[in-house]
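These notes concern the structure reproduced below.
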Amino acid sequence: MIYEMRTITIKPGAMPEVLSLSQKTHGILSPRYGETVGFWTAEIGALNRLWRLSAYDSFEAYRDKRDGLSKDARWQSEFLSKVSPHLLHRETRILKPVMPVQAPEAAGNIYEYRYYRTVPGQILQYASHMAHAAAIRKNHMCDVGMWITEAGLPDEFSHMVAHPSMDIRTSQRAALMADAEWAEIQREIASLIFDARSEILVPLAWSELR
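Start counting the sequence shown at 316; every next residue gets the next number (this note's numbering).
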């Protein structure tokens, strides 16, 4: 199983039109051309962006389905031709899971996508520490998934967390920071990264993860 995180930057003021087109054509994308796991807009971080996480059985399946999508006449006419004038930038990451993707027990969440650049040669060690830490983190918050970027930025690790609200996110992170076991892991991995970023994402009504 691999995942694609596709990020689309929209021209200011064009988001409502793009969202309307995305909702109308969502059935074209999933599951025929890849299983959509989640679909979000950015709330905090780089704004005017759409984030879409999709799952594929393999990289070969990903290439086949993307090729099929590019040749789909309905996709071309109903979505791509209409949305292209509103796009500024597109970015994609191919992600290898470190842990199985797990949906939160209840809907109505905000999602935080955190991504880190590791020191060259240290990505596997960092991912191993984070995988081990999943059991500790589970006591405080819901990790949806953890990944190593296979194609995109090199030496990148990312993970996604679901929080019921921003206020609860604050309290959950405070509890995690106070956890002695997590503090020990933080001391072990601090020297393995040189950049860390975070995006707060709000799921769309047709997102599987909500």
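All residues carry an ideal CB built from backbone N, CA and C; glycine is no exception. Just so it is clear, the structure is predicted and the values come from calculations on it, not from any experiment.
In the three-state DSSP reduction, D510 falls in the strand class (E or B). In the DSSP assignment, L368 falls within the unbroken beta strand (DSSP E) covering 364 to 371. Going by beta carbons, H401 and K326 fall inside the 7 Å limit.
When C-alpha distances from Q501 are compared across M320, S385, R452, A421, the shortest belongs to R452. When the five nearest sequence neighbours on each side are left out, the beta carbons in the same chain lying within less than 8 Å of the beta carbon of L336 are those of E393, F394, K397, V398, in order along the chain. Taking the C-beta atoms as reference points, V476 is found nearer than 7 Å to E427. In chain order, W497, I500 place their CB closer than 7 Å to the CB of A448, counting only its own chain and leaving out the 5 sequence neighbours on each side.
For the 7 Å CB-CB criterion, M461 and V413 form a contact.
Burial state of T464 is buried, judged by a 10 Å Cβ sphere holding 16 or more other Cβ atoms. Close CB contacts of E471 within its chain, under the 8 Å cut and outside five residues either way in sequence, are with R408, Y430, Y431, R432, T433, I438, I463, T464 (chain order). A418 is not a Cβ neighbour of L519, given a cutoff of 7 Å.
Contact check for V517 against W355 passes: the beta carbons are separated by less than 7 Å. When rounded, the separation of the alpha-carbon atoms in D510 and L362 is 20 Å. Rounded to whole angstroms, the separation of the alpha carbons of H474 and S506 is 18 Å. I508 is the residue among I508, H455, I317 whose C-alpha sits nearest the C-alpha of Y441. Within its own chain, the residues whose Cβ lies closer than 6 Å to the Cβ of E358, once the five positions on either side in sequence are excluded, are I515, V517, listed in chain order. DSSP places H478 in the strand class (E or B) of the three-state scheme.
The residue among I323, Q487, E503 with its C-alpha nearest the C-alpha of N454 is Q487. Of the residues L365, S385, M456, the one whose Cα lies closest to the Cα of Y348 is S385.
Note that the C-beta distance between E350 and A376 is not below 7 Å. As DSSP reads the structure, G460 sits in a beta bridge with M475. Excluding five sequence positions before and after S373, the CB atoms of its chain that fall closer than 7 Å to its own CB belong to I317, given in chain order.
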